[in-house]
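Heads up, the thing below is written out as structure tokens.
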Amino acid sequence: MRATAWEHYGSAPMVRMNTLVYATCFADAASSSELSLAYVKLIEQLAVFKGYSAAFCALKLAEEKFPSSTNSQIHLLKMQLLHERALHRGHLRIAQQICDEFGVLSSSVSGVDIELKTEASLRRARTLLAAKQFSQAAAVANSLFTTCYKYNMQVENASVLLLLAEIHRKSDNAVLGLPYALASQSFCKSFNLDLLEASATLTLAELWLALGSNHAKRALSLVYQSLPMILGHGGLELRARSQIVLAKCHLTDPEFSVSEDPCAVLDPLNQAAEDLQVLEYHEMAAEVYYLKAMTYNHLGKEYEREEAAARFKEHVTALENPRDEEDSLVY
Amino acid sequence: NLSLFPPVRPPKKTSPKKPPTKQQAAMAEEQMEEASSSAAASGTPFQLQFDKPIPFQIKLAEWNPEKDLLAMVTDDSKVLLHRFNWQRLWTISPGKCITSICWSPDGKIVALGTEDGFVLLHDVENGKMLRSIKSHDVAIICLNWAEDEPLSRTDKEDLLSYEDRTTRFFPPAPVMPRIGGLNSGDTGLADENEEAIQAFSSASCQRFNILCTGDKDGCICFSIFGIFPIGKININKVPIHVQSSGKRTSYRLQDVSISKQVSLSRNLHQLVLLCSGKLINTDNLSLSNDLSVGVHCLHLDTSIFSNRKNELHQVSQQASSIQDLVEVVRASISMMSKQWSNAMNLFHEKFSALPSLLTAHGMESSSEDEFMSLLFGTHTSPALHQFLVSSLGEAGLKRIAKTIESAGRELRIVVSEHLQPAVEIISFRLAELRGLARWRSRFQNIGLDEKLMDGVTERVGMLVVQVERFSRVAATVLYLFQNFLSWVLKCVKILLSEPTDQVPSTNSELVVIFLKFLLDKDPIKQLLETDQIFEWDIDTAKHVEHLVVFGGFTDTKFLERSLAKQFSELEESLKEAFLMPFTTVSSQIHCQGLLPLYPVTSSDALSSTSTPASIAFYKDKDSQHNASSYSSTDYICFKIPDGSLNLRNFVAVIKDFCNSCSTSNTPSLSGFLLHIPVEYECVDLSLYKDNQVVLLLSGKSSSENAGRSWMVMLQTENLSFSQFSRTFPANYYNLQELEALELQLDTDYGKVRSVPHPLSTPLAVSASRGVACI
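Keeping their order, the protein sequence lines are chains V and F. Heads up, the first sequence stops at 331 in full-length UniProt numbering, and the numbers go up one at a time, no gaps. Heads up, the second sequence stops at 774 in full-length UniProt numbering, and the numbers go up one at a time, no gaps.
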């Protein structure tokens, strides 16, 4: 319980520590379902902070340790991880397939298995978003919000609002996204959901940035606000995203000149590239290399520019031609 | 206030009789500003408020910057705190020779520097000691506690404001455990003290401030909030680069002794200090001569404090609370170990009689075997019988049971109320610090190292596991003890043929476990002692290794360590991690400029530290409305010792030393000399608000004016500053270039008042209250 509370409050090291305390000290006394939950938490942490390969490696061990095939928690975790990875790699067909499996898992009676159902539709909305079917994604998210509101699920509420903001941002409707991001932020504030609040702030910064270069200063200050939280407790994806936004803020700021302070842009971009490599997130990695190539172009460093451009192309082709999709189901 | 506490003497009248002994100093408080208009009508500036004989010689005095409080240090190192109406609030005697004193900028803490290098922080409310920090090896000569000026905050910095999340998620931090039970008389006092410490650490973190301490050997230490050390610089080792006629020359000061004055500007940007020492040209050692020993004025660039104040504030806020909590953990562990060893001593004392009885009866079995045979009902040997019935007895047994039970209760309380929450808050705060450390562009240049922080976070995680394990082990051991003791009690009752229905039922399996594992061993003690290796079964060891794949602690041997060992490892890595900011910041404090003031011969080098001097920073008038970029001008005012520079009875005032160091193209350094009338000597001086200088002049004993003194306030703006060059080192000391003015006591330079006593140091002026104490 402590670990879950910290998950919501946003302190990653505390989650890990409390889970480890449980797994170490109470391994002999705990029931297998509780212990497996502890392992699930640890694997989730691994996926978020160390990338998928480490997580799947641990998952295999956990499956050996809890061999009962009916162990729903580990099964769920497996599907979650597979879905995330498919989304990141751009294997949308597989992501869709897993989403459907999720939908089947929950009972068809309404009002039962609410958590599983919200999870399923949240994932469906994200898949649709990745497939750039914005109106459908928004529809799913909207219906999900009403469900969450009905059942008083505040944490989910906040994350659905954030998703809606994200959908509007991606569909180039930054103005429409702003109220959702703000609502999500204030939700998080009242429930002490610090990490989610930081990511809401980050989305807000992205939205401001999308509104034009004269908002770059405001966006930058928002990023600065959320950075201590995100760097300390956010996962690889969130960290990379914040670094990208930071670099973008500098690049769009008309008063900022790259040639004067190239480190301010390149440092965050390099860091983001490093993190995304582990995560196999092609879409964002392509963005990073694009920005890098642009920066090097400004600086007149042609060799580095070509290198970055080549990497950019690599990621884009990987995203557009999802080869070896079957690979996504294997781990 | 005055009406509430009527003065002992009529304030306007001078004291009718001379102070009876030399030990008695006359203290007078004079209202300078507020009363001057009314006093001007009657012709006497500086209205006298109080004139009170006190039975001590006062060594140091300092006004509280916020309230009407005057702290004084007597010659025998007592500290007195008086209100303006002369009501005494408290007196303390720290038992050490106090060499310097200063107030915190909010006026809530008084800092004392001692002869053996300690800084003591005392609460203004009751004089209780909040902290004692050993930062120097030799006497601390001067203290200066400067606060970040709120005006200098810009909008950008406000957006970078950082929230300490700990208070939202945790109840108030645990305090040190105290010994309960027997010595209840002391606990009340200890309790209050702890509360004070707690209040101190929460209140002190509101605004960024830095305490500088300078010692006799030329070391200057900086600590944030007065508690978190952040930098140290040794003047003897600082290279001083001087640009003269295009050539860069390096100098170094040797045998430095810092004089009474160190001053950090209010924007924390620059530090000016006076020190005496020998100036050496490091490029050409032969160039130094006798004249090079003298008093110099140094300007240190401390812009790291102002440029990085947000970062430093955040780090020190977290780090100082972590250090507090580490102390709580240490106290908890030592207390638990004491409690438990007391209980165990009693147990072993009583039960050690058994083996000797066994040998006396010529038996070769161990006490464990004897208890085993008693448990399984084979036989009771006469030795065991004698031990149980006569040497142990029912009463003795009950006493042991009670002692162990109460020790166990204490252990439980300490773990649940002090140790466990403290460790948890430490880990939370460390996690926050780790997050900050990842923000490399902002925090790396103040030395917050990501790798070190990772290491510390790992260590504290292990400590949390250890604490959990300890509480489990303790609970098991206590239950086994309880079970065993009640079984023994039952046996005693059976042997004495008494009814056993009062004795709670016991589990004989657990008795066996007790006899096997606890009769000779003491796992609680093992966990509480650093040098013990704790054995842990193979299953768990495997389990821990297995967890590494899942992101567990990579150091799989940590369960073999004892709790205390783990704690000391955490302390070590914490020390290492916090040393990093300390060294990084220290290396970024540079010497910006040097101005030789006057030479001293080695014989009076010692006395030069006590020569009156004062340094102050005044905000530039024209930049006051421009909040984001105000600058300040430094004023240095000092008495030139007689004979030095062939001057007698002179006081020098210099301004704009810092600016002249940083911008070499505009030589703005200027000043003037002031000649004191020959029949008087300057006893003490101080800079006062709005660029005034306050001088205390005392009549020389040889002259007819012996016994008469003057207090003079000069408006420096009315006096003509003349520029002088810093061509260096053509002639070391340029002060003679300055225009010398004659001070005439009867003219309108400023305010003058005669005092009908001989005067001595100290002079304490308070800019916020407009009062002086002589």
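Think of the CB as a built atom: it goes at the ideal place given N, C-alpha and C, for glycine as much as any other residue.
**Asked** How would you list, in chain order, the residues of chain V whose beta-carbon sits under 9 Å from the beta-carbon of residue 770 of chain F?
**Response** By Cβ distance, chain V contributes nothing, its closest Cβ being about 42 Å from residue 770 of chain F, past 9 Å.
**Cutoff 9 Å: residue 438 of chain F Cβ touching any chain V Cβ** = For residue 438 of chain F, the answer is yes, since a Cβ of chain V falls inside 9 Å of its Cβ.
**Request:** Just tell me which of V:204, V:238, V:230, V:235 has its CA closest to the CA of residue 222 of chain V.
**Result:** Nearest option by C-alpha distance: V:204.
**Item:** Inter-residue spacing [alpha-carbon to alpha-carbon] between residue 202 of chain V and residue 242 of chain V
**Value:** If I take the Cα positions, the gap works out to 7 Å.
**Message:** Taking the alpha carbon of residue 426 of chain F as the reference point, which residue from F:349, F:266, F:599, F:169 has its own alpha carbon closest?
**Reply:** Shortest Cα-Cα distance from residue 426 of chain F to any of F:349, F:266, F:599, F:169 involves F:169.
**Message:** Does chain F have any CB closer than 9 Å to the CB of residue 67 of chain V?
**Reply:** No - not a single Cβ of chain F is within 9 Å of the one on residue 67 of chain V.
**Prompt:** Would you say residue 194 of chain V faces chain F, with C-beta separation under 9 Å as the test?
**Reply:** By this cut-off, residue 194 of chain V is an interface position.
**Asked** Run through DSSP, which three-state label would residue 568 of chain F get?
**Response** In the structure shown, residue 568 of chain F sits in a helix (DSSP, three-state: H, G or I).
**Item:** In chain order, each alpha helix (DSSP H) run of at least 4 residues that lies wholly inside the region 61-125 of chain V
**Value:** The DSSP assignment places complete alpha helix (DSSP H) segments of no fewer than 4 residues inside the region 61-125 of chain V at 72-89, 92-105, in order along the chain.
**Message:** Going by DSSP, what residue range makes up the beta strand (DSSP E) through residue 636 of chain F?
**Reply:** Segment 632-640, the beta strand (DSSP E) holding residue 636 of chain F.
**Request:** Could you tell me how far apart the beta carbons of residue 422 of chain F and residue 340 of chain F are, in whole angstroms, since I believe they sit closer than 8 Å?
**Result:** Not a contact, Cβ separation roughly 19 Å.
**Item:** the region 34-46 of chain V in contact with the region 2-21 of chain V per 3-pair CB rule at 8 Å
**Value:** In short, these stretches touch, since the Cβ pair count reaches three.
**Item:** Any C-beta of chain F under 9 Å from that of residue 1 of chain V
**Value:** With its beta carbon at least 9 Å from every one in chain F, residue 1 of chain V lies outside the interface.
**Item:** Proximity of residue 564 of chain F and residue 510 of chain F at Cβ, strictly below 9 Å
**Value:** Taking 9 Å as the Cβ cut-off, residue 564 of chain F and residue 510 of chain F do not qualify as a contacting pair.
**Item:** Helix, strand or coil at residue 670 of chain F [DSSP, three-state]
**Value:** Residue 670 of chain F falls in the strand class under three-state DSSP.
**Item:** Contacts that residue 24 of chain V makes with chain F (C-beta to C-beta distance below 9 Å)
**Value:** Residues of chain F whose Cβ lies closer than 9 Å to the Cβ of residue 24 of chain V are, in chain order, 465, 468, 469, 540, 543, 544, 547, 552, 553, 559.
**Item:** Against chain F: residues of the region 11-23 of chain V by CB proximity under 7 Å
**Value:** For the region 11-23 of chain V, the set of positions with a beta-carbon nearer than 7 Å to some beta-carbon of chain F reads 11, 13, 14, 16, 17, 20, 21, 23 in chain order.
**Message:** At the level of alpha carbons, what is the spacing between residue 444 of chain F and residue 437 of chain F?
**Reply:** Spanning the two alpha carbons is a distance of roughly 7 Å.
**Prompt:** Given that a residue counts as buried once 16 or more other Cβ atoms are within 10 Å of its Cβ, and exposed if not, what is residue 114 of chain F?
**Reply:** Under this definition residue 114 of chain F is a buried residue.
**Request:** Evaluate the contact criterion for the region 226-233 of chain V versus the region 193-201 of chain V: three or more CB pairs, one atom per stretch, below 8 Å.
**Result:** Output reads yes: the region 193-201 of chain V touches the region 226-233 of chain V.
**Message:** As a quick exercise: from F:680, F:476, F:707, pick the residue whose alpha carbon is nearest that of residue 695 of chain F.
**Reply:** Selection F:680, F:476, F:707 evaluated against residue 695 of chain F yields F:680 as nearest (Cα-Cα).
**Request:** For the region 271-281 of chain F and the region 293-310 of chain F, state whether three or more C-beta atom pairs, one from each stretch, are separated by less than 8 Å.
**Result:** A contact between stretches requires three or more CB pairs, one per stretch, nearer than 8 Å, and the region 271-281 of chain F meets this requirement with the region 293-310 of chain F.
**Asked** Is any heavy atom of the ligand ADP found at a distance shorter than 8 Å from the C-beta of residue 80 of chain F?
**Response** Although the ligand ADP was asked about, the structure shown includes no ligands whatsoever.
**Prompt:** Who are the near neighbours of residue 64 of chain F in its chain, counting only those whose CB is closer than 6 Å to its CB and skipping five residues on each side?
**Reply:** Excluding residues within five positions, the ones whose Cβ falls inside 6 Å are 103, 107.
**Beta-bridge partners of residue 374 of chain F, as assigned by DSSP** = Under DSSP, residue 374 of chain F takes part in no beta bridge, so it has no partner.
**Message:** Tell me which residue opens and which closes the alpha helix (DSSP H) that residue 137 of chain V is part of.
**Reply:** From DSSP, the alpha helix (DSSP H) with residue 137 of chain V extends over 134-150.
**Request:** Look up residue 270 of chain F in the DSSP assignment and say whether it is helix, strand or coil.
**Result:** In the structure shown, residue 270 of chain F sits in a strand (DSSP, three-state: E or B).
**Request:** Rounded to whole angstroms, what's the CA-CA distance from residue 2 of chain V to residue 24 of chain V? Just pull it up for me.
**Result:** If I take the Cα positions, the gap works out to 15 Å.
**Prompt:** Starting from residue 340 of chain F and walking both ways along the beta strand (DSSP E), at which residues does that stretch end?
**Reply:** Unbroken run through residue 340 of chain F is the alpha helix (DSSP H), 309-351; no beta strand (DSSP E).
**Request:** Taking a Cβ distance cut-off of 9 Å, strictly less, list which residues of the region 417-431 of chain F are near chain V, in chain order.
**Result:** Hits within the stretch, in order: 424, 427, 428, 430, 431.
**Request:** Could you check what DSSP says for residue 528 of chain F in three-state terms: helix, strand or coil?
**Result:** Here residue 528 of chain F sits in helix by DSSP.
**Asked** Which residue comes first and which comes last in the beta strand (DSSP E) that contains residue 145 of chain F?
**Response** In the DSSP assignment, residue 145 of chain F falls within the beta strand (DSSP E) that extends over 140-147.
**Request:** Would you mind sorting residue 345 of chain F into buried or exposed? The rule is 16 or more other CB atoms within 10 Å of its CB.
**Result:** Residue 345 of chain F should be labelled exposed.
**Asked** How many angstroms separate the CA atom of residue 123 of chain V from the CA atom of residue 106 of chain V?
**Response** Distance between the alpha carbons of residue 123 of chain V and residue 106 of chain V is about 14 Å.
**Prompt:** Is the CB of residue 232 of chain V under 9 Å away from at least one CB in chain F?
**Reply:** Yes - at least one Cβ of chain F is within 9 Å of the one on residue 232 of chain V.
**Residues of its chain near residue 775 of chain F, where Cβ-Cβ distance is below 6 Å and the 5 sequence neighbours each way are ignored** = What is shown of chain F runs 1 to 774, which leaves residue 775 of chain F out entirely.
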